[in-house]
Amino acid sequence: MNMRKNKKFYLSLITSAILLSSFNTVADEQEDGINIHGAVRINYAYKDYSESSKDKVGDLTFDMASLRFDGKLGNWGLKSDYRFTSYDNYIKYGYGFYDINPEWQIQFGINQVPFGNIGYISNSYWFGLPYYLGFEDDYDIGAKATFEKNGWHSDIAFYKNAEYGAGITKRYGADLYDDGEAGTANNSEETNQFNLRQAYTVKHAGGSTTFGGSVEAGQIYNTETGNSGDRYAIAAHIDSKFNGWNLQLQAMEYEYNAEDSLDSNKIGVSVVGAQYDIASKGQIYNINLAKTISTEWGSVKFYNDFGLMTPDVDDETYDNSMQNVLGAAISAGPTYTQVDFIMGKNMTFSSNDYHVGLPEVGDDWDKRFNISVAYYF
């Protein structure tokens, strides 16, 4: 995309946002005051692709402590979540909001980027494959307007940049990464991002089905040369609930067109203290199926989340990445436990290949067993 096309594309996004506003997120009714709460979580992990993990029969570790503030005074309010982990600490979100009326809310600060299925495109502790490329439960700094009425849900947002600088790896969601070294392919910083998401929910016997579409577009600033490239992502998504069953489907495409990159086939991202490379262009497909069963003491949700990423770059040696998570989530009082069996192929964190969509190192599915126990207060 050249600069002229870029400007036309951004102008079309702004025009679409104005049209969307004519359709007309609702803030839940909340009493004035401030609520302080949070969570503590521990984690057990066993990796079949790690000799040390097998020797020790896994590792039990402190995972995270979360401190949250929710406040409301009239039509004004705030929400924040700060995380303390065993290796770092970082903000997940922190924003103020204003309820214009019962349908419209404006958020400003570090808020959730509206892209893809509303909420999550996953059921597990491990998230879905889009999370590891920055397209699920991501948070950036900017402003967002949300509308909800009569089944319609609209999000219009602009983000100036990521919540932390591009050279920092401590962050909750994946963002572009700058390694600070001249002459590498990772001198990228995301900036000037627009997001649009439109969804409509149809109620039917036994539940409801939400149909939606999302668009994201922005710039990529090269921290070494000062030149800017562009990026985009589009997605279609369905979330259907019927008598305790839940089916989630999503198909998306993304492209990072970094200017002056030494390798246009890949780009660097960082998340939760780690950095890895991903294919600069590709498609992602998700299919998740879950069943929730109510009990006298809470509920149990059984699920299987599957994700496939197909790279679409010039280098034919780049391979597909896949992740499948079979698990159960147990909710009982203030506790929430997730038991996951994770299988990864050419996939960061869930296999021995620490990248997404690059040439595969091994040729097998790697396996990981994970138990997460959280206490909420």
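Residues -27 to -1, 1 to 350, numbered by mature numbering (1 follows the signal peptide of the UniProt record, and there is no 0), are exactly what the sequence shown covers, in order. C-beta atoms are modelled at their ideal positions from N, C-alpha and C, and glycine is treated no differently.
**Study point:** Contact the segment 45 to 52 vs the segment 16 to 33: 3+ CB pairs below 8 Å
**Key:** no
Review point. Relative to the C-alpha of Lys214, which residue among Gly180, Ser237, Val242 is closest?
Key: The residue you call residue 214 lines up with position 241 of the sequence shown. Nearest C-alpha to Lys214: Gly180.
Check your understanding: Any heavy atom of the ligand NAP within a distance shorter than 7 Å of the CB on Tyr22?
Key -> For the structure depicted, the ligand NAP is absent and the ligand set is empty, with no information on it obtainable.
Point to revise | Residue from Asp43, Ile193, Leu299, Ala252 whose Cα sits closest to the Cα of Lys274 | key: Reading the sequence shown from its first residue, position 301 is the one you call residue 274. Nearest of Asp43, Ile193, Leu299, Ala252 to Lys274, Cα basis: Leu299.
Check your understanding: Got a sec? Which residues, its chain only, sit under 8 Å from Pro103 by beta carbon, not counting five neighbours each side?
Key -> Locating residue 103 in the sequence shown gives position 130, where the first residue counts as 1. Excluding positions up to five away in sequence, the list reads Gly89, Ile94, Glu109, Gln223, Met225, Ile257, Asn259, Gly280.
Review point. Can you tell me whether DSSP reads Glu24 as helix, strand or coil?
Key: As a first step, residue 24 must be located in the sequence shown, where it is residue number 51. Helix.
**Study point:** Span of the beta strand (DSSP E) around Trp77
**Key:** Along the sequence shown, one-based indexing puts residue 77 at 104. From DSSP, the beta strand (DSSP E) with Trp77 extends over 77 to 85.
Practice item. For Leu40, name the three-state secondary structure that DSSP assigns. Key: As a first step, residue 40 is located in the sequence shown; it is residue number 67 there, counting from the start. Correct three-state label for Leu40: strand.
Point to revise | Neighbourhood of Gln245 by C-beta distance below 6 Å, restricted to the same chain and skipping five residues each side | key: The count along the sequence shown starts at 1 and reaches residue 245 at position 272. Rather than Gln, the amino acid found at residue 245 in this sequence is Val. Contacts found: none.
Check your understanding: Do the CB positions of Ala135 and Asp151 come within less than 8 Å of each other?
Key -> As a working note, residue 135 is residue 162 in the sequence shown. As a working note, residue 151 is residue 178 in the sequence shown. Taking 8 Å as the Cβ cut-off, Ala135 and Asp151 do not qualify as a contacting pair.
Point to revise | CB contact flag (Ile91, Ala172, <8 Å) | key: Position 118 of the sequence shown, counted from the start, is the residue given in the question as residue 91. Position 199 of the sequence shown, counted from the start, is the residue given in the question as residue 172. Taking 8 Å as the Cβ cut-off, Ile91 and Ala172 qualify as a contacting pair.
Point to revise | Proximal residues to Ser(-6) (C-beta, below 6 Å), its chain only, five neighbours per side dropped | key: Here residue -6 is taken as the residue at index 22 of the sequence shown, counted from 1. Note that Ser(-6) has pLDDT 37, beneath the 50 cutoff, so the model's placement of it is unreliable and the number below is only indicative. So no residue of the chain qualifies.
Exercise for review: Tell me, please, which residues DSSP counts as bridged to Tyr71.
Suggested key: Start at 1 with the first residue of the sequence shown, and residue 71 comes out as number 98. Looking at the DSSP assignment, Tyr71 forms a beta bridge with Trp49, Ile79.
**Study point:** 6 Å Cβ shell around Ile193 - same chain, five flanking residues per side excluded
**Key:** Translated into the one-based positions of the sequence shown, residue 193 becomes position 220. Contacts found: Ser161, Gly202, Arg204, Ala231.
Review point. Anyone know if the C-beta pair for Gly330 and Val242 falls short of 8 Å?
Key: Taking the first residue of the sequence shown as position 1, residue 330 is located at position 357. Taking the first residue of the sequence shown as position 1, residue 242 is located at position 269. No, these two residues do not count as a Cβ contact at 8 Å.
Review point. Arg14 and Val346 look like a contact to me (Cβ under 8 Å); what is the Cβ gap, rounded to whole Å?
Key: On the sequence shown, residue 14 is found 41 positions in, with the first residue counted as 1. On the sequence shown, residue 346 is found 373 positions in, with the first residue counted as 1. Indeed, because the Cβ distance is near 7 Å, the residues count as touching under 8 Å.
Point to revise | Three-state secondary structure (DSSP) of Pro307 | key: For this step, residue 307 is matched to residue 334 along the sequence shown. Note: Pro307 maps to coil in three-state DSSP.
Review point. Could you give the residue range of the beta strand (DSSP E) that holds Thr265?
Key: On the sequence shown, residue 265 is found 292 positions in, with the first residue counted as 1. Where Thr265 is concerned, the enclosing beta strand (DSSP E) stretches over 254 to 267.
Review point. Ordered along the chain, which non-local residues of its own chain (more than five positions away) have a Cβ less than 7 Å from that of Arg56?
Key: As a position in the sequence shown, residue 56 is number 83, starting the count at 1. Closer than 7 Å at Cβ, skipping near neighbours: Met37, Ser39, Asn62, Tyr63, Lys65, Tyr145.
Review point. Nearest CA to the CA of Val86: which residue from Tyr105, Lys45, Gly115?
Key: Residue mapping note: residue 86 aligns to position 113 of the sequence shown, counting from 1. Ranking Tyr105, Lys45, Gly115 by Cα distance to Val86 puts Gly115 first.
Review point. How would you write the range of the beta strand (DSSP E) that Val242 sits in, first residue to last?
Key: Taking the sequence shown and counting its residues from 1, one reaches residue 242 at position 269. Unbroken beta strand (DSSP E) run through Val242: 239 to 244.
Exercise for review: Just confirm the distance between the C-beta atoms of Ala118 and Ile79, as a whole number of angstroms; I'd bet it's less than 8 Å.
Suggested key: The residue given as residue 118 occupies position 145 in the sequence shown. The residue given as residue 79 occupies position 106 in the sequence shown. With 8 Å as the limit, Ala118 and Ile79 qualify as a contact, their Cβ atoms being about 5 Å apart.
**Study point:** Euclidean distance between Cα positions of Thr(-3) and Arg170
**Key:** Here residue -3 refers to the residue found at position 25 of the sequence shown. Here residue 170 refers to the residue found at position 197 of the sequence shown. In this prediction, Thr(-3) has a pLDDT of 36, which is less than 50 and means its spatial position is unreliable; what the coordinates show is noted afterwards. Rounded to the nearest angstrom, the two C-alpha atoms are 12 Å apart.
Point to revise | C-beta atoms of Asn96 and Asp278 nearer than 8 Å | key: Taking the first residue of the sequence shown as 1, we reach residue 96 at position 123. Taking the first residue of the sequence shown as 1, we reach residue 278 at position 305. Yes.
Point to revise | Span separating the alpha-carbon of Thr142 from that of Gln248 | key: Against the sequence shown, residue 142 aligns to sequence position 169. Against the sequence shown, residue 248 aligns to sequence position 275. Each residue's Cα considered, the two are about 7 Å apart.
Check your understanding: Identify the residues that DSSP records as bridge partners of Leu235: which are they?
Key -> Position 262 of the sequence shown, counted from the first residue, corresponds to residue 235. The partner list for Leu235 (beta bridge, DSSP) is empty, contrary to what the question assumes.
Practice item. Out of Asp32, Gly186, Phe322, Ser234, state which residue places its alpha-carbon closest to the alpha-carbon of His126. Key: Counted from its first residue, the sequence shown places residue 126 at position 153. Of the candidates Asp32, Gly186, Phe322, Ser234, the one whose C-alpha sits nearest the C-alpha of His126 is Gly186.
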